[in-house]
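Each remark here refers to the structure printed beneath this line.
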Amino acid sequence: MGVHLRKKKIANGKQSLYLDFYPPIKGGDGKFTRREYLNRYVYEKPKTQEEKLHNKENLVFAEGLKNRREKDILNEQDGIFNSQNKKRDFIDFFQGLCEKRKESDGNYGNWLSALHYLKSFTSGKCKMGDLTEDFCNKFKEYLLQANRLNTVKGLRLSQNSALSYFNKFRCAINEAFDARLLNENPLRHIKAIPQKETKREFFTQEELQLLVKTECDLEALKKSQFFQP
Numbered sequence: 005m006g007v008h009l010r011k012k013k014i015a016n017g018k019q020s021l022y023l024d025f026y027p028p029i030k031g032g033d034g035k036f037t038r039r040e041y042l043n044r045y046v047y048e049k050p051k052t053q054e055e056k057l058h059n060k061e062n063l064v065f066a067e068g069l070k071n072r073r074e075k076d077i078l079n080e081q082d083g084i085f086n087s088q089n090k091k092r093d094f095i096d097f098f099q100g101l102c103e104k105r106k107e108s109d110g111n112y113g114n115w116l117s118a119l120h121y122l123k124s125f126t127s128g129k130c131k132m133g134d135l136t137e138d139f140c141n142k143f144k145e146y147l148l149q150a151n152r153l154n155t156v157k158g159l160r161l162s163q164n165s166a167l168s169y170f171n172k173f174r175c176a177i178n179e180a181f182d183a184r185l186l187n188e189n190p191l192r193h194i195k196a197i198p199q200k201e202t203k204r205e206f207f208t209q210e211e212l213q214l215l216v217k218t219e220c221d222l223e224a225l226k227k228s229q230f231f232q233p
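According to this note's numbering, the residues represented by the sequence shown are 5 to 233, in order.
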């Protein structure tokens, strides 16, 4: 295992700084890479005092980052949290958990619905580092006040459906934590949504016809709207 600071020639007598990893490591997107570009440069032949100072400051920064990356790699090998995981995409991770349940889990539709509410809440962007206790509380409140997606407009999501989707979110968080993609579990102090005893309500004929006609790209998601509690 090694992390080396490298320089690459660019225009105007400058050199771009990057880290070279061997063997390759997993980047923030979950893909293996050998290089991390630092968006910093140095002058190949500094002439002025200002250019020399610029080089010194950027090399100090680069060496510090190199040392942190080495520590992260060693920690990961020892089963300790790697801070680079904060950049990993939680939406992709959640999607992967959904796909695992596609053929074997009768709850696939509910998992898919939970994912769609998470995407709606985050506009489709959520990194592991975004998963704080505050974020989780806000998502919980969002589910409790949200309207149903891809269904009759203005129809509120039931509390028990919010409970089901938040439980799927909790399961995904727990799996990410167990995989050491999270430094701590942000749901540790957050209470579950209470289950509500409900009198079953039924769609009117008009609402049912509207629901049947509603377009939805994902059949499993549409079915989950028919049968959710």
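We put the beta carbon where it would ideally sit given N, CA and C, even for glycine. This one's a predicted model, so the numbers in the text were calculated from it and none came from an experiment.
- Judged by DSSP in its simplified three-state form, GLY68 adopts helix.
- Around ASN62, the same chain offers ARG44 and VAL46 as residues with beta carbons nearer than 6 angstroms, after the five sequence neighbours per side are excluded.
- DSSP links ASN151 through a beta bridge to ARG160.
- Excluding sequence positions up to five before and after TYR146, its CB lies within less than 6 angstroms of the CB of PHE125, all in the same chain and listed in chain order.
- Judged by beta-carbon spacing, LEU119 lies beyond the 7 angstroms limit of PHE143, meaning their Cβ atoms are not closer than that value.
- The Cβ atoms of LYS90 and GLY128 lie no closer than 7 angstroms to each other.
- When GLU74, ASP93, LEU57 and LEU167 are compared, the shortest CA-CA separation from LEU186 is found for ASP93.
- Restricting attention to LEU161, GLU210, LEU78 and VAL7, the CA atom closest to the CA of TYR41 is found in VAL7.
- LYS200 sits away from GLN149, with the two beta carbons spaced by 7 angstroms or more.
- The three-state reading of DSSP puts THR126 in helix, counting H, G and I together.
- Scanning LEU159, GLY113, CYS130 and CYS140 for the CA closest to the CA of ALA196 turns up CYS140.
- Residue burial annotation: LEU78 is exposed, with fewer than 16 other C-beta atoms found within 10 angstroms of its C-beta.
- With respect to the 7 angstroms criterion, PHE25 and ARG10 are not classified as neighbours on the basis of their beta carbons.
- One Cα belongs to THR136, the other to ASN114, and the distance between them is close to 23 angstroms.
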